[in-house]
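Undergrad: A single structure is presented below for examination.
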Ligand code: ARG
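Residue numbers (the working numbering): 1292 to 1872.
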């Protein structure tokens, strides 16, 4: 049991002992989230406000706090003080050290894991790249936030379903085929891959400027795909294969996987049902030839409220379905297939309106699970201070970025540790890790500016810095292996530096839960960085492998605990933890 759970349960017991007959006291589970870490350690290691009991006990909070403090008997908490409406707990530092380290070491890499999500399923829609486009850094955040959230939910015992909702449908594929037939060749596409496809697509648009009939030809080819024409389908599938082959390389480097690649086209035969259902439920209206769901909301006086949204278009006037139609079909399919308790859409905040609209349509259709669909939005990424724009030709491809990251990491390693074995592999872990860390180090909604000098700095708050701390722990532990150490004397961890590090590790299981609740992997990035910094502070102030062997054993045990927590934390954000670098 971690320290906070223990304090919560002791506090619950103390309250029951104090008022054995009272109704409405708090349970340990209710108390735990109320425990806070006071900003000033002079106010204790943890503080519990008791205001919520005032009503049940008909007593002022200061009186309540005082009564509980007087009735407190347990040696894990050295001292309990009642200050106004708060109980301030001062831990028995030695016990705390022993319990925290042992909790971490007995859990191994599963520290913070739980069965919170047992029997629950979370669908995660992430990465969701577009066919016939190269994977660029605009798709990095969705990929990494989704991947990390998936690992976090797995850690908490949920069943997760990772879905790559491929953008593989739309008139652009008709244009691609048209361009290929006119200016392409099988050899050129096999050889050039996705670059050749992009070239053909650009060429199509240049030519279509001069010759308007090309647009019609493009549309006609798309119609052929829709009608299941053999040649059209073959080419379209081929383009898909090429794009995915390219993307797989990137996914492999990032360690990202999916359970399903059911993209937009997968829902072609599943949209009729949605359209019919909307009709039956009287939700479809015709507006300028298109079928739409009206989303205006009015108050009692018939005035439009601020919850009003533009109508959600379901069918265009020519009968074609839209992005939203496919998302409706996909959501219903996912509910039917996976019975999700939550369906997360990790997509840029620009699509905010789209998600609000189609969630609202689901709600209007009477699906109460619509409330379990969440748009996990994130901000924009720029590169070295420059906004990215496909149209202006300022694009950064993810595989180029990852290649550069590995090259730059290798350069640094060659300089710092030229004799390191497996340099290439370490450079991969460090380079990729640096990119991933940079992507997941801020609140997801914040815009990110990707800058090499910041990303690959070994000293700042960066991926390499945290990985380096892991390496440092591993190196201490390797040296300690040769010393036959006795049982630890936990008194050696009673100092402020060790305690700060222990407190952060003690909170780590809560951080994981909170990160899941808020869909915020950056909370884990923050926590591992804090733990790394606090350990480094401890490391500089105390000689780990020196002095009394039992004290040494305690510092080594702390080091091992830090190594485990960092490794777990990095894993949860999708980073590897090298043992040497
Ligand atoms: N392919 C889309 C894009 O790149 C993202 C799709 C997100 N998922 C979804 N179910 N709408 O913008």
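Glycine is no exception: its CB is placed at the ideal position from the N, C-alpha and C atoms. The structure displayed is predicted, hence computed values, not measured ones.
Apart from the five residues just before and just after residue 1369, which ones in its own chain have a Cβ nearer than 8 Å to its Cβ?
TA: Around residue 1369: 1381, 1382, 1383 and 1384.
Undergrad: Would you check if there are 3 or more beta carbon pairs closer than 8 Å linking the segment 1664 to 1678 to the segment 1730 to 1743?
TA: With a cut-off of 8 Å, the segment 1730 to 1743 and the segment 1664 to 1678 count as touching, because enough Cβ pairs lie within range.
Undergrad: Quick check: the Cα distance between residue 1767 and residue 1774, rounded to an integer number of angstroms?
TA: Distance between the alpha carbons of residue 1767 and residue 1774 is about 11 Å.
Undergrad: So, with DSSP's three-state summary, where would you put residue 1520?
TA: Residue 1520 falls in the coil class under three-state DSSP.
Undergrad: May I have a chain-ordered list of the alpha helix (DSSP H) segments no shorter than 4 residues that lie completely inside the segment 1341 to 1426?
TA: Runs found: 1345 to 1348, 1352 to 1361 and 1384 to 1398.
Undergrad: From residue 1878 to residue 1647, what does the alpha carbon distance come to, in whole angstroms?
TA: With the chain represented from 1292 up to 1872, any question about residue 1878 goes unanswered, as that position is not in the structure.
Undergrad: Would you list, in sequence order, the uninterrupted beta strand (DSSP E) runs of no fewer than 3 residues that lie entirely inside the segment 1578 to 1665?
TA: Listed in chain order, they are 1581 to 1584, 1603 to 1606 and 1633 to 1639.
Undergrad: For residue 1671, which residues in the same chain have their Cβ closer than 6 Å to its Cβ, ignoring the five residues on either side in sequence?
TA: Excluding residues within five positions, the ones whose Cβ falls inside 6 Å are 1738.
Undergrad: By Cβ distance, which residues of its chain are closer than 8 Å to residue 1736, with the 5 residues on each side in sequence left out?
TA: Excluding residues within five positions, the ones whose Cβ falls inside 8 Å are 1640, 1668, 1669 and 1670.
Undergrad: Please name the residue, chosen from 1364, 1686 and 1534, that lies closest to residue 1487 on a Cα-to-Cα basis.
TA: For residue 1487, the nearest C-alpha among the options comes from 1534.
Undergrad: Given that a residue counts as buried once 16 or more other Cβ atoms are within 10 Å of its Cβ, and exposed if not, what is residue 1440?
TA: Buried: at least 16 other Cβ atoms inside 10 Å.
Undergrad: By Cβ distance, which residues of its chain are closer than 8 Å to residue 1326, with the 5 residues on each side in sequence left out?
TA: Cβ neighbours of residue 1326 beyond the five flanking positions: 1295, 1298, 1299, 1337, 1338 and 1339.
Undergrad: Do the segment 1411 to 1419 and the segment 1451 to 1468 make contact, defined as three or more Cβ pairs closer than 8 Å?
TA: Yes, the segment 1411 to 1419 touches the segment 1451 to 1468.
Undergrad: Could you check which residue in 1854, 1631, 1864 and 1846 has the C-alpha nearest to that of residue 1871?
TA: The shortest Cα separation from residue 1871 among 1854, 1631, 1864 and 1846 belongs to 1854.
Undergrad: DSSP three-state label for residue 1687, please.
TA: DSSP places residue 1687 in coil when its eight states are reduced to three.
Undergrad: Less than 7 Å separating the Cβ of residue 1419 from some heavy atom of the ligand ARG?
TA: Yes, the Cβ of residue 1419 comes within 7 Å of a heavy atom of the ligand ARG.
Undergrad: Does the distance between the C-beta of residue 1847 and the nearest non-hydrogen atom of the ligand ARG fall short of 7 Å?
TA: No, the Cβ of residue 1847 stays beyond 7 Å of every heavy atom of the ligand ARG.
Undergrad: Under 7 Å: does the beta carbon of residue 1638 sit that close to some heavy atom of the ligand ARG?
TA: Yes; taking the cut-off as 7 Å, the Cβ of residue 1638 has a heavy atom of the ligand ARG nearer than that.
Undergrad: Go through its chain and collect everything with a Cβ distance to residue 1462's Cβ below 8 Å, but skip five positions before and after it.
TA: Same-chain partners within the cutoff: 1509, 1510 and 1513.
Undergrad: Shortest alpha-carbon distance to residue 1856 belongs to which of 1566, 1372 and 1397?
TA: It is 1397.
Undergrad: Can you give me the Cβ contacts of residue 1635 inside the same chain, cut-off strictly under 6 Å, excluding the 5 residues immediately before and after it?
TA: Hits under 6 Å: 1415, 1665 and 1667.
Undergrad: What residues match up with residue 1739 in a beta bridge as DSSP calls it?
TA: DSSP lists 1672 as partners of residue 1739.
Undergrad: Is any non-hydrogen atom of the ligand ARG found closer than 7 Å to the C-beta of residue 1761, if you look at the structure I gave you?
TA: No, the Cβ of residue 1761 stays beyond 7 Å of every heavy atom of the ligand ARG.
Undergrad: Take the Cβ of residue 1377 as the centre, count every other Cβ of all protein chains shown within 10 Å, and call the residue buried at 16 or more, exposed below.
TA: By the 10 Å Cβ count, residue 1377 comes out buried.
Undergrad: When every heavy atom of the ligand ARG is checked, does at least one fall within less than 7 Å of the C-beta of residue 1456?
TA: For the ligand ARG, at least one heavy atom lies less than 7 Å from the Cβ of residue 1456.
Undergrad: Check residue 1454 in the structure and name its three-state DSSP category.
TA: Looking at residue 1454 - three-state DSSP - the assignment turns out to be strand.
Undergrad: Closer than 8 Å by C-beta to residue 1371: which residues in its own chain qualify, once you throw out the five before and the five after it? Chain order, please.
TA: Result list for residue 1371: 1359, 1360, 1363, 1378, 1379, 1380 and 1381, in chain order.
Undergrad: Would you list the one or two residues that DSSP bridges to residue 1680?
TA: Partner(s): 1685.
Undergrad: Excluding the 5 residues flanking residue 1315 on each side, which residues of the same chain have their C-beta closer than 7 Å to its C-beta?
TA: Within the same chain, residue 1315 has close Cβ partners 1347.
Undergrad: Give me whichever residues DSSP pairs with residue 1338 in a beta bridge.
TA: DSSP output for residue 1338 lists 1327 and 1379 as bridge partner(s).
Undergrad: Does the beta-carbon of residue 1520, which I'm using as the reference point, lie nearer than 7 Å to any heavy atom of the ligand ARG?
TA: False, no ligand heavy atom lies under 7 Å from that Cβ.
Undergrad: Tell me which residues share the same chain as residue 1693 and place their Cβ nearer than 8 Å to its Cβ, disregarding the 5 neighbours each side in the sequence.
TA: If we look at residue 1693 and ignore the five residues flanking it on each side, its Cβ neighbours are 1541, 1544, 1545, 1722, 1723 and 1726.
Undergrad: Identify the continuous alpha helix (DSSP H) that holds residue 1549 and give its terminal residues.
TA: First-last for residue 1549: undefined, no H or E at that position.
Undergrad: Buried or exposed for residue 1831, please, with buried defined as at least 16 other CB atoms from any protein chain shown within 10 angstroms of its CB.
TA: When all chains shown are included, residue 1831 counts as exposed.
Undergrad: Using 7 Å as the cut-off, classify the Cβ of residue 1590 as near or not near the heavy atoms of the ligand ARG, replying yes or no.
TA: No, Cβ of residue 1590 sits at least 7 Å from all heavy atoms of the ligand ARG.
Undergrad: What residue range does the alpha helix (DSSP H) around residue 1716 cover?
TA: Looking at the DSSP string, the run of the alpha helix (DSSP H) that includes residue 1716 is 1714 to 1730.
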